[in-house]
Amino acid sequence: MDKYDLGALKRGLDQLNLTLDDSQINQFMEYYEILVEWNSFMNLTAITEFDEVITKHFLDSLAIVKAVDIQKVDSIIDIGTGAGFPGIPLKIAFPHLEVTLLDSLNKRIKFLNEVINRLNLEGIKAIHGRAEDYAKQPQYREKFDLCVSRAVANLSSLSEYCLSYVKVGGCFIPYKSGKIEEEVKEAEKAVHVMGGKLKEILYFQLSDTEMERSFVIIDKKKNTPKQYPRKAGLPTKEPIK
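Here this note's numbering runs 618 ahead of the position in the sequence shown, where the first position is 1.
In structure tokens:
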């Protein structure tokens, strides 16, 4: 821990009103080291400089505390998790969470399992597959308090992929960039069809950056019709309008 300047991390945690103990900070440092190590032979992230990873991956992942009381959440699924964001940072900061990481690329799942094992994380698993396939399986469909995603997709498509994982009374919160009123408006029908209701859009600026971020908070009000999500590729090619 001593070899890193933790100023950016501490400023960001203060901004989010979060406190981590030494063991959690050590887990973040090890996560960073594994990320850089694996990124040397596979494409996980374009961001590798220490302070940028802290700010644009770790703190950005944790910023969801602005949108939801994580202490009241028991189970999270992270759709299209990539290198584990936001699911792994949330698990480190909130060990009580049961976290499922879903990604369609098997080599990323190997990386995620390496992180989980080396950080001795429990109550977290990484699964390989498409969001539209796992959403049809009874052990995953409408089983989670919270679904999160930093995946790059329009909100209409994302809502179809993600809301079917959320139990009634839970919520889906995608991580978005900048002003997104138009995208939210275009997604209204998809959100409604999938059983969701837009609660609010929360805008914030990422600590130590000029980056504007937004959370779209969508409450799950009723069950998702059985025919959704549609088969592979359709939610992206033909979003519900």
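Ideal Cβ placement from N, Cα and C applies to all residues, glycine included.
Note that the structure is predicted; figures quoted are calculated from it, not measured.
Would you identify the three-state DSSP class for Ala865, choosing helix, strand or coil? Limits of the chain in this structure are 619 at one end and 859 at the other, which puts residue 865 out of reach.
Per DSSP, the bridge partner or partners of Ile695: Under DSSP, the beta-bridge partners assigned to Ile695 are Thr718, Cys765.
Alpha helix (DSSP H) runs contained entirely in the stretch 698 to 754, provided each spans 4 or more residues: The stretch 698 to 754 contains these whole alpha helix (DSSP H) runs: 705 to 711, 724 to 736, 749 to 752.
Exposed unless 16 or more other CB atoms sit within 10 angstroms - verdict on Gln645: Of the residues assessed, Gln645 falls on the buried side of the cut-off, its CB having 16 or more other CB atoms within 10 angstroms.
Evaluate Ser782 with the Cβ neighbour count: other Cβ atoms within 10 Å of its Cβ, from every protein chain shown; 16 or more gives buried, anything less gives exposed. Its Cβ being crowded by 16 or more others within 10 Å, Ser782 is buried.
Please state the DSSP three-state secondary structure of Tyr846. For Tyr846, the three-state secondary structure derived from DSSP is coil.
Within the same chain, show all residues whose beta-carbon is closer than 6 Å to that of Leu627, passing over the 5 residues directly before and after it, in chain order. Contacts found: Ile672.
Limits of the unbroken beta strand (DSSP E) element including Glu818: Residues 814 to 823.
With C-beta atoms as the reference, is Cys765 less than 8 Å away from Phe729? The answer is no: Cβ separation not under 8 Å.
Straight-line Cα distance separating Gly813 from Asn841: Those two C-alpha atoms are separated by around 6 Å.
Establish whether the CB of Val654 and some CB of chain D are separated by less than 8 Å. Note that chain D does not occur in the displayed structure, where there is just one protein chain.
Strictly by DSSP, which residues pair up with Pro792? The secondary-structure analysis by DSSP pairs Pro792 across a beta bridge with Ser767.
Are three or more beta carbon pairs between the stretch 745 to 756 and the stretch 815 to 832 nearer than 8 Å? Short answer: they don't touch.
Can you pull the DSSP bridge partners for Val860? This structure leaves residue 860 out entirely; the chain is present only between 619 and 859.
Pick from Gln823, Pro704, Lys839 that is closest to Ser832, judged by C-alpha positions: Ser832 has its Cα closest to that of Gln823, out of Gln823, Pro704, Lys839.
Does Phe833 come out as helix, strand or coil in the three-state DSSP assignment? Strand.
Start and end of the alpha helix (DSSP H) containing Phe646? DSSP places Phe646 in the uninterrupted alpha helix (DSSP H) bounded by 640 to 657.
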